[in-house]
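For reference, the structure is listed below as C-alpha coordinates.
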(Lines of atoms letter the chains of each structure in order from A; the text may use other names.)
(Lines give C-alpha, C1' and ligand atoms only; values in the text may rest on other atoms or scores of the structure.)
Protein backbone atom coordinates (compact mmCIF):
# COMPACT_ATOMS: atom_id res chain seq x y z
CA UNK A 422 0.00 0.00 0.00
CA UNK A 423 1.30 3.45 -0.97
CA UNK A 424 1.91 5.83 1.95
CA UNK A 425 1.18 9.54 1.51
CA UNK A 426 3.53 12.16 2.93
CA UNK A 427 2.49 15.81 2.99
CA UNK A 428 5.32 18.37 3.02
CA UNK A 429 4.49 21.82 4.41
CA UNK A 430 6.22 25.21 4.31
CA UNK A 431 4.33 27.12 7.03
CA UNK A 432 2.96 30.63 7.49
CA UNK A 433 5.12 33.43 8.88
CA UNK A 434 3.86 35.64 11.72
CA UNK A 435 5.89 38.84 12.13
CA UNK A 436 5.88 42.62 11.90
CA UNK A 437 7.52 42.44 8.47
CA UNK A 438 8.45 39.76 5.94
CA UNK A 439 9.59 39.89 2.33
CA UNK A 440 10.30 37.12 -0.14
CA UNK A 441 14.01 37.64 -0.79
CA UNK A 442 14.33 34.30 -2.57
CA UNK A 443 12.96 32.15 0.26
CA UNK A 444 13.01 28.44 -0.53
CA UNK A 445 12.35 25.58 1.95
CA UNK A 446 15.60 23.95 0.89
CA UNK A 447 15.77 21.38 3.69
CA UNK A 448 12.36 19.86 3.08
CA UNK A 449 12.99 19.78 -0.68
CA UNK A 450 16.21 17.84 -0.03
CA UNK A 451 14.33 15.36 2.14
CA UNK A 452 11.83 14.96 -0.69
CA UNK A 453 14.64 14.09 -3.10
CA UNK A 454 15.74 11.27 -0.78
CA UNK A 455 12.31 9.68 -0.54
CA UNK A 456 12.35 8.12 -3.99
CA UNK A 457 10.40 5.03 -3.02
CA UNK A 458 7.55 3.43 -4.93
CA UNK A 459 5.82 2.89 -1.58
CA UNK A 460 5.63 6.64 -0.90
CA UNK A 461 3.73 9.48 -2.59
CA UNK A 462 4.69 13.09 -1.89
CA UNK A 463 2.55 16.24 -1.87
CA UNK A 464 3.94 19.70 -1.18
CA UNK A 465 1.87 22.69 -0.01
CA UNK A 466 3.67 26.00 0.37
CA UNK A 467 1.70 28.26 2.72
CA UNK A 468 3.90 31.14 1.47
CA UNK A 469 3.27 30.47 -2.23
CA UNK A 470 3.25 33.66 -4.33
CA UNK A 471 3.15 31.93 -7.72
CA UNK A 472 -0.65 31.98 -8.04
CA UNK A 473 -1.34 35.29 -6.30
CA UNK A 474 -3.91 37.10 -8.42
CA UNK A 475 -5.73 33.93 -9.51
CA UNK A 476 -6.86 33.57 -5.90
CA UNK A 477 -8.14 37.16 -5.73
CA UNK A 478 -5.37 38.14 -3.37
CA UNK A 479 -4.58 41.84 -3.06
CA UNK A 480 -2.90 43.08 -6.21
CA UNK A 481 0.20 44.50 -4.52
CA UNK A 482 0.83 41.18 -2.77
CA UNK A 483 1.46 39.40 -6.06
CA UNK A 484 3.99 41.86 -7.46
CA UNK A 485 7.23 40.16 -8.38
CA UNK A 486 10.49 41.88 -9.28
CA UNK A 487 12.35 41.00 -12.45
CA UNK A 488 14.64 38.88 -10.26
CA UNK A 489 11.85 36.85 -8.62
CA UNK A 490 11.60 38.59 -5.25
CA UNK A 491 8.39 40.15 -3.98
CA UNK A 492 5.77 40.70 -1.30
CA UNK A 493 3.82 38.00 0.43
CA UNK A 494 0.09 38.20 0.84
CA UNK A 495 -0.56 39.26 4.43
CA UNK A 496 -3.40 39.37 6.94
CA UNK A 497 -3.51 41.67 9.97
CA UNK A 498 -3.74 39.61 13.17
CA UNK A 499 -3.78 40.34 16.88
CA UNK A 500 -0.42 41.41 18.23
CA UNK A 501 0.86 39.11 21.00
CA UNK A 502 0.94 40.75 24.43
CA UNK A 503 4.70 40.29 24.84
CA UNK A 504 5.37 42.65 21.89
CA UNK A 505 2.47 45.04 22.50
CA UNK A 506 4.97 47.85 23.09
CA UNK A 507 6.30 47.58 19.53
CA UNK A 508 4.53 50.39 17.60
CA UNK A 509 3.88 48.39 14.45
CA UNK A 510 1.03 46.17 13.22
CA UNK A 511 1.48 42.39 13.31
CA UNK A 512 0.69 40.15 10.34
CA UNK A 513 0.37 36.58 9.22
CA UNK A 514 2.12 36.19 5.87
CA UNK A 515 1.09 33.64 3.26
CA UNK A 516 -2.01 32.32 1.55
CA UNK A 517 -5.41 32.88 3.20
CA UNK A 518 -6.76 29.99 5.25
CA UNK A 519 -9.74 29.34 2.95
CA UNK A 520 -7.45 28.93 -0.06
CA UNK A 521 -5.24 26.53 1.86
CA UNK A 522 -8.23 24.50 3.00
CA UNK A 523 -9.21 24.08 -0.66
CA UNK A 524 -5.69 22.89 -1.47
CA UNK A 525 -5.55 20.50 1.46
CA UNK A 526 -9.04 18.98 1.46
CA UNK A 527 -8.32 16.58 -1.41
CA UNK A 528 -5.25 15.11 0.31
CA UNK A 529 -5.15 12.07 2.59
CA UNK A 530 -1.75 12.11 4.29
CA UNK A 531 -0.39 9.32 6.45
CA UNK A 532 2.37 11.61 7.73
CA UNK A 533 2.98 15.38 7.63
CA UNK A 534 6.43 17.02 7.62
CA UNK A 535 6.55 20.73 8.50
CA UNK A 536 9.68 22.85 8.18
CA UNK A 537 10.43 26.06 10.09
CA UNK A 538 12.49 29.22 9.73
CA UNK A 539 13.30 32.04 12.13
CA UNK A 540 12.73 31.24 15.80
CA UNK A 541 10.54 34.35 16.23
CA UNK A 542 8.22 33.13 13.46
CA UNK A 543 7.04 30.27 15.67
CA UNK A 544 3.39 31.47 15.92
CA UNK A 545 3.12 30.85 12.17
CA UNK A 546 4.33 27.28 12.69
CA UNK A 547 1.87 26.71 15.52
CA UNK A 548 -1.07 28.13 13.54
CA UNK A 549 -0.09 26.01 10.53
CA UNK A 550 0.00 22.79 12.56
CA UNK A 551 -3.27 23.69 14.29
CA UNK A 552 -4.92 23.99 10.86
CA UNK A 553 -3.42 20.66 9.78
CA UNK A 554 -4.68 19.00 12.97
CA UNK A 555 -8.19 20.35 12.38
CA UNK A 556 -8.20 19.00 8.84
CA UNK A 557 -6.37 15.70 9.27
CA UNK A 558 -7.18 14.71 12.84
CA UNK A 559 -4.72 12.21 14.26
CA UNK A 560 -2.30 12.26 11.31
CA UNK A 561 1.15 12.61 12.93
CA UNK A 562 3.16 15.79 12.32
CA UNK A 563 6.97 15.95 12.40
CA UNK A 564 8.45 19.45 12.77
CA UNK A 565 11.99 20.19 11.58
CA UNK A 566 13.96 23.18 10.34
CA UNK A 567 15.79 26.09 11.97
CA UNK A 568 13.35 26.81 14.81
CA UNK A 569 13.07 23.11 15.68
CA UNK A 570 16.87 22.77 15.75
CA UNK A 571 17.69 25.90 17.77
CA UNK A 572 14.75 25.74 20.20
CA UNK A 573 13.64 22.09 20.38
CA UNK A 574 12.13 22.28 23.88
CA UNK A 575 10.17 25.40 22.99
CA UNK A 576 8.96 23.69 19.81
CA UNK A 577 7.86 20.60 21.73
CA UNK A 578 5.90 22.81 24.11
CA UNK A 579 4.27 25.25 21.70
CA UNK A 580 4.22 23.89 18.13
CA UNK A 581 1.54 21.17 18.51
CA UNK A 582 3.79 18.78 16.53
CA UNK A 583 3.84 15.10 17.47
CA UNK A 584 7.61 14.92 17.01
CA UNK A 585 10.33 17.58 16.81
CA UNK A 586 13.40 16.72 14.73
CA UNK A 587 16.14 18.88 16.22
CA UNK A 588 19.03 18.04 13.96
CA UNK A 589 20.92 15.02 12.69
CA UNK A 590 21.81 13.34 9.43
CA UNK A 591 19.53 12.76 6.47
CA UNK A 592 19.51 9.08 7.40
CA UNK A 593 18.24 10.03 10.87
CA UNK A 594 15.21 11.85 9.47
CA UNK A 595 14.55 9.01 7.02
CA UNK A 596 14.56 6.54 9.91
CA UNK A 597 12.09 8.71 11.84
CA UNK A 598 9.81 8.96 8.80
CA UNK A 599 10.04 5.21 8.25
CA UNK A 600 9.16 4.56 11.88
CA UNK A 601 5.92 6.52 11.54
CA UNK A 602 5.04 4.89 8.21
CA UNK A 603 6.02 1.37 9.23
CA UNK A 604 8.49 0.98 6.36
CA UNK A 605 12.28 1.16 6.03
CA UNK A 606 13.69 4.07 4.05
CA UNK A 607 17.35 4.04 3.05
CA UNK A 608 19.29 7.10 1.92
CA UNK A 609 20.20 7.13 -1.74
CA UNK A 610 23.92 6.29 -2.11
CA UNK A 611 25.14 9.57 -3.56
CA UNK A 612 27.48 12.24 -2.29
CA UNK A 613 25.36 15.32 -2.85
CA UNK A 614 21.71 15.60 -1.80
CA UNK A 615 20.02 17.92 -4.30
CA UNK A 616 16.58 19.46 -3.72
CA UNK A 617 13.55 18.02 -5.51
CA UNK A 618 12.58 21.07 -7.56
CA UNK A 619 9.86 19.09 -9.36
CA UNK A 620 7.62 19.94 -6.38
CA UNK A 621 7.84 23.68 -7.08
CA UNK A 622 5.16 25.22 -9.35
CA UNK A 623 7.61 27.77 -10.79
CA UNK A 624 11.26 27.15 -11.50
CA UNK A 625 12.41 30.35 -13.22
CA UNK A 626 14.40 31.17 -10.06
CA UNK A 627 16.08 28.39 -8.05
CA UNK A 628 18.55 28.16 -5.15
CA UNK A 629 21.98 26.59 -5.45
CA UNK A 630 24.59 25.68 -2.83
CA UNK A 631 28.31 25.06 -3.17
CA UNK A 632 28.79 24.61 0.58
CA UNK A 633 27.17 24.19 3.97
CA UNK A 634 28.44 25.78 7.16
CA UNK A 635 30.91 28.60 7.82
CA UNK A 636 34.35 28.66 9.51
CA UNK A 637 33.79 32.09 11.06
CA UNK A 638 32.25 32.38 14.52
CA UNK A 639 30.40 35.68 14.63
CA UNK A 640 28.95 36.11 18.12
CA UNK A 641 25.44 36.79 16.79
CA UNK A 642 25.31 34.06 14.11
CA UNK A 643 23.86 30.55 14.48
CA UNK A 644 25.19 28.93 11.29
CA UNK A 645 27.69 26.82 13.24
CA UNK A 646 24.85 25.54 15.45
CA UNK A 647 22.91 24.40 12.39
CA UNK A 648 25.90 23.20 10.35
CA UNK A 649 28.84 22.50 12.71
CA UNK A 650 31.30 21.71 9.90
CA UNK A 651 32.11 23.46 6.65
CA UNK A 652 31.41 21.09 3.76
CA UNK A 653 32.08 22.18 0.19
CA UNK A 654 30.64 20.42 -2.82
CA UNK A 655 32.54 19.07 -5.79
CA UNK A 656 32.62 21.90 -8.36
CA UNK A 657 31.64 19.51 -11.14
CA UNK A 658 28.41 18.52 -9.40
CA UNK A 659 27.45 22.18 -8.91
CA UNK A 660 28.15 22.98 -12.57
CA UNK A 661 26.09 20.01 -13.75
CA UNK A 662 23.25 20.93 -11.38
CA UNK A 663 23.04 24.50 -12.73
CA UNK A 664 23.20 23.38 -16.37
CA UNK A 665 20.59 20.69 -15.73
CA UNK A 666 18.19 23.20 -14.13
CA UNK A 667 18.64 25.55 -17.07
CA UNK A 668 17.99 22.82 -19.64
CA UNK A 669 15.19 20.97 -17.81
CA UNK A 670 13.31 23.84 -16.19
CA UNK A 671 14.35 26.90 -18.18
CA UNK A 672 15.82 28.45 -15.03
CA UNK A 673 17.58 31.75 -15.72
CA UNK A 674 18.14 33.06 -12.18
CA UNK A 675 20.09 31.22 -9.51
CA UNK A 676 20.38 32.24 -5.86
CA UNK A 677 23.44 31.19 -3.89
CA UNK A 678 22.38 29.94 -0.44
CA UNK A 679 25.94 29.58 0.86
CA UNK A 680 27.09 31.23 4.07
CA UNK A 681 30.72 31.08 2.91
CA UNK A 682 30.43 31.09 -0.88
CA UNK A 683 33.88 32.54 -1.61
CA UNK A 684 35.91 30.48 0.84
CA UNK A 685 38.65 28.41 -0.84
CA UNK A 686 37.81 30.25 -4.05
CA UNK A 687 40.67 28.69 -6.04
CA UNK A 688 39.27 25.20 -5.44
CA UNK A 689 35.51 25.85 -5.57
CA UNK A 690 33.82 29.01 -6.86
CA UNK A 691 36.47 30.03 -9.41
CA UNK A 692 36.43 26.66 -11.26
CA UNK A 693 32.62 26.72 -11.21
CA UNK A 694 32.43 30.19 -12.73
CA UNK A 695 35.10 29.46 -15.36
CA UNK A 696 33.14 26.46 -16.66
CA UNK A 697 29.84 28.33 -16.63
CA UNK A 698 31.40 31.17 -18.62
CA UNK A 699 32.52 28.60 -21.21
CA UNK A 700 28.97 27.20 -21.33
CA UNK A 701 27.72 30.71 -22.25
CA UNK A 702 24.29 30.23 -20.66
CA UNK A 703 21.96 33.26 -20.37
CA UNK A 704 21.76 33.03 -16.57
CA UNK A 705 22.11 35.38 -13.60
CA UNK A 706 23.35 34.86 -10.05
CA UNK A 707 22.18 36.53 -6.84
CA UNK A 708 23.72 36.57 -3.36
CA UNK A 709 21.21 37.46 -0.61
CA UNK A 710 23.69 36.33 2.06
CA UNK A 711 26.50 38.81 2.53
CA UNK A 712 29.74 37.81 0.79
CA UNK A 713 33.12 37.82 2.53
CA UNK A 714 34.78 40.79 0.86
CA UNK A 715 38.35 39.76 1.73
CA UNK A 716 38.18 36.92 -0.81
CA UNK A 717 37.19 39.10 -3.80
CA UNK A 718 40.43 39.56 -5.68
CA UNK A 719 40.74 40.97 -9.20
CA UNK A 720 40.30 37.60 -10.93
CA UNK A 721 37.26 36.59 -8.91
CA UNK A 722 35.57 39.95 -9.53
CA UNK A 723 36.04 39.48 -13.29
CA UNK A 724 34.69 35.92 -13.13
CA UNK A 725 31.66 37.11 -11.17
CA UNK A 726 30.89 39.80 -13.73
CA UNK A 727 31.38 37.57 -16.77
CA UNK A 728 29.32 34.69 -15.33
CA UNK A 729 26.26 36.82 -14.63
CA UNK A 730 26.37 37.95 -11.01
CA UNK A 731 23.73 40.66 -10.75
CA UNK A 732 23.13 41.61 -7.12
CA UNK A 733 26.31 41.67 -5.05
CA UNK A 734 25.80 41.94 -1.29
CA UNK A 735 28.89 42.35 0.87
CA UNK A 736 29.08 42.03 4.66
CA UNK A 737 30.57 44.82 6.72
CA UNK A 738 28.43 44.72 9.88
CA UNK A 739 30.26 47.79 11.27
CA UNK A 740 33.39 49.93 11.02
CA UNK A 741 33.70 49.79 14.81
CA UNK A 742 36.58 47.61 15.95
CA UNK A 743 34.56 46.19 18.84
CA UNK A 744 31.79 45.05 16.51
CA UNK A 745 34.25 43.73 13.92
CA UNK A 746 35.63 41.57 16.73
CA UNK A 747 32.11 40.20 17.28
CA UNK A 748 32.17 39.35 13.56
CA UNK A 749 35.31 37.23 14.08
CA UNK A 750 37.27 39.94 12.22
CA UNK A 751 36.04 38.43 8.96
CA UNK A 752 36.53 41.71 7.09
CA UNK A 753 38.38 44.98 7.64
CA UNK A 754 37.48 48.33 6.15
CA UNK A 755 40.59 48.14 3.96
CA UNK A 756 39.60 44.70 2.63
CA UNK A 757 36.11 45.99 1.86
CA UNK A 758 37.56 48.96 -0.03
CA UNK A 759 39.78 46.66 -2.10
CA UNK A 760 36.85 44.36 -2.90
CA UNK A 761 34.73 47.29 -4.10
CA UNK A 762 37.59 48.57 -6.28
CA UNK A 763 37.99 45.11 -7.83
CA UNK A 764 34.24 44.78 -8.48
CA UNK A 765 34.01 48.21 -10.09
CA UNK A 766 37.05 47.57 -12.29
CA UNK A 767 35.36 44.35 -13.39
CA UNK A 768 32.33 46.33 -14.58
CA UNK A 769 29.89 46.36 -11.66
CA UNK A 770 28.00 49.61 -11.09
CA UNK A 771 26.87 51.25 -7.85
CA UNK A 772 23.36 49.84 -8.16
CA UNK A 773 24.78 46.30 -8.43
CA UNK A 774 26.72 46.41 -5.15
CA UNK A 775 25.21 46.72 -1.68
CA UNK A 776 26.95 46.52 1.69
CA UNK A 777 25.16 45.17 4.75
CA UNK A 778 25.71 47.11 7.95
CA UNK A 779 23.95 46.31 11.20
CA UNK A 780 21.59 48.52 13.16
CA UNK A 781 20.29 47.73 16.63
CA UNK A 782 23.28 45.84 18.02
CA UNK A 783 23.66 45.93 21.81
CA UNK A 784 25.95 48.84 22.70
CA UNK A 785 25.69 50.41 19.25
CA UNK A 786 24.63 54.06 18.98
CA UNK A 787 23.07 56.25 16.30
CA UNK A 788 26.38 57.94 15.51
CA UNK A 789 28.04 54.54 15.01
CA UNK A 790 25.48 53.64 12.34
CA UNK A 791 25.81 57.06 10.69
CA UNK A 792 29.58 56.58 10.49
CA UNK A 793 29.08 53.17 8.84
CA UNK A 794 26.62 54.67 6.36
CA UNK A 795 28.98 57.51 5.43
CA UNK A 796 31.83 55.05 4.95
CA UNK A 797 29.76 52.85 2.62
CA UNK A 798 28.45 55.87 0.72
CA UNK A 799 32.00 57.14 0.19
CA UNK A 800 32.84 53.78 -1.41
CA UNK A 801 30.24 54.57 -4.07
CA UNK A 802 27.97 51.60 -3.36
CA UNK A 803 24.49 51.05 -1.88
CA UNK A 804 23.84 51.03 1.87
CA UNK A 805 21.79 48.07 3.12
CA UNK A 806 20.78 48.48 6.76
CA UNK A 807 20.20 45.09 8.39
CA UNK A 808 18.34 45.13 11.71
CA UNK A 809 19.88 43.01 14.45
CA UNK A 810 17.95 40.05 15.84
CA UNK A 811 19.06 37.90 18.74
CA UNK A 812 19.37 34.19 17.94
CA UNK A 813 19.01 31.66 20.78
CA UNK A 814 22.16 29.66 21.47
CA UNK A 815 24.61 32.17 20.00
CA UNK A 816 27.46 33.73 21.98
CA UNK A 817 25.65 37.09 21.94
CA UNK A 818 22.51 35.45 23.35
CA UNK A 819 24.52 33.80 26.14
CA UNK A 820 26.27 37.08 27.00
CA UNK A 821 23.00 39.01 27.28
CA UNK A 822 21.45 36.23 29.32
CA UNK A 823 24.42 36.23 31.72
CA UNK A 824 24.04 40.01 32.08
CA UNK A 825 20.31 39.54 32.78
CA UNK A 826 19.38 41.69 29.77
CA UNK A 827 17.18 38.77 28.74
CA UNK A 828 15.88 35.96 30.91
CA UNK A 829 13.77 32.83 31.03
CA UNK A 830 10.65 34.95 30.67
CA UNK A 831 11.86 36.55 27.42
CA UNK A 832 9.66 35.37 24.55
CA UNK A 833 11.23 34.45 21.21
CA UNK A 834 8.99 37.09 19.60
CA UNK A 835 10.87 39.76 21.54
CA UNK A 836 14.15 38.74 19.85
CA UNK A 837 13.08 39.62 16.29
CA UNK A 838 14.83 42.24 14.17
CA UNK A 839 11.86 44.56 14.72
CA UNK A 840 11.30 44.02 18.44
CA UNK A 841 14.76 43.44 19.95
CA UNK A 842 16.35 46.85 19.18
CA UNK A 843 13.29 48.59 20.66
CA UNK A 844 12.76 46.42 23.73
CA UNK A 845 16.35 45.64 24.72
CA UNK A 846 18.74 47.69 22.58
CA UNK A 847 17.85 51.20 23.69
CA UNK A 848 16.58 52.19 20.25
CA UNK A 849 13.30 53.85 19.29
CA UNK A 850 11.25 53.69 16.12
CA UNK A 851 11.79 57.39 15.31
CA UNK A 852 15.58 57.00 15.26
CA UNK A 853 15.47 53.82 13.19
CA UNK A 854 13.11 55.38 10.63
CA UNK A 855 15.31 58.47 10.48
CA UNK A 856 18.42 56.39 9.78
CA UNK A 857 16.63 54.37 7.10
CA UNK A 858 15.52 57.58 5.38
CA UNK A 859 19.09 58.89 5.52
CA UNK A 860 20.36 55.65 3.98
CA UNK A 861 17.77 55.96 1.22
CA UNK A 862 18.80 59.55 0.60
CA UNK A 863 22.50 58.66 0.43
CA UNK A 864 21.77 55.79 -1.98
CA UNK A 865 19.89 58.17 -4.27
CA UNK A 866 22.70 60.76 -4.25
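Residue numbers (the numbering used here): 422 to 866.
Every residue gets a Cβ at the ideal spot worked out from N, C-alpha and C, and that includes glycine.
What you are looking at is a predicted structure, and each value in this text was computed from that prediction instead of being measured.
Shortest Cα-Cα distance from residue 803 to any of 827, 761, 810 and 819 involves 761. Judged by DSSP in its simplified three-state form, residue 430 adopts strand. Between residue 632 and residue 615, the gap from beta carbon to beta carbon reaches 8 Å or more.
Residue 464 has its alpha-carbon roughly 14 Å from the corresponding atom of residue 522.
Take the alpha-carbon of residue 799 and the one of residue 766: they are about 17 Å apart.
For the stretch 523 to 577, the full-length alpha helix (DSSP H) segments reaching 4 residues or more read 543 to 557 and 567 to 571 along the chain. Comparing alpha-carbon positions, the option among 459, 520 and 653 lying closest to residue 470 turns out to be 520. Here residue 512 is actually not in contact with residue 440; their C-beta atoms are around 14 Å apart, not less than 8 Å. In this structure, the CA atom of residue 717 is about 19 Å from the CA atom of residue 740. Note that the C-beta distance between residue 674 and residue 488 is below 8 Å. Rounded to the nearest angstrom, the Cβ distance from residue 664 to residue 700 is 6 Å, consistent with a contact under 8 Å. Scanning 568, 428, 720 and 599 for the CA closest to the CA of residue 585 turns up 568. In its chain, beyond the 5 residues on either side, 571, 643 and 646 have a beta carbon closer than 7 Å to the beta carbon of residue 814.
Within the same chain, 781, 782, 783, 785 and 809 come within 8 Å of residue 846 by CB-CB distance, once the 5 residues on both sides are set aside.
Under the three-state reduction of DSSP, residue 710 is assigned to coil, being neither helix nor strand. When the beta-carbon positions are compared, residue 777 and residue 735 come within less than 8 Å of each other. Per DSSP, residue 840 is not a residue of any beta strand (DSSP E); the alpha helix (DSSP H) it occupies stretches across 840 to 844.
Collapsing the DSSP output to three states places residue 580 in coil.
The criterion of a C-beta distance shorter than 8 Å is not satisfied by residue 855 and residue 604. Of 606, 806, 655 and 640, the smallest CA-CA separation from residue 629 is found for 655. DSSP, read as helix, strand or coil, puts residue 617 in coil. Approximately 14 Å separates the beta-carbon atoms of residue 433 and residue 491; this is outside 8 Å, ruling out the contact. Beta-bridge annotation (DSSP): residue 658 is not paired with any residue. Residue pairing of residue 807 in beta bridges, as defined by DSSP: 779. Distances from the alpha-carbon of residue 859 to those of 834, 788 and 811 put 788 closest. Within the same chain, and ignoring the five residues on either side of residue 756 in sequence, the residues whose Cβ sits closer than 8 Å to its Cβ are 714 and 715. For residue 795, no beta strand (DSSP E) segment is defined; the enclosing uninterrupted segment is the alpha helix (DSSP H) at 787 to 799. The beta-carbon separation of residue 737 and residue 823, rounded to 28 Å, does not stay under the 8 Å limit for a contact. Contact between residue 811 and residue 817 holds, with the beta-carbon distance rounding to 6 Å and staying under 8 Å. With at least 16 other beta carbons inside 10 angstroms of its own, residue 548 counts as buried.
For residue 627, the uninterrupted beta strand (DSSP E) run begins and ends at 626 to 629, by DSSP. Among the bridge pairs identified by DSSP, residue 514 is matched with 433 and 495. The criterion of a C-beta distance shorter than 8 Å is satisfied by residue 431 and residue 537. Of the candidates 505, 560, 468 and 497, the residue whose Cα lies closest to the Cα of residue 621 is 468.
If you check the CB distance, residue 607 and residue 653 do not come in under 8 Å.
Selection 849, 556, 774 and 639 evaluated against residue 527 yields 556 as nearest (Cα-Cα).
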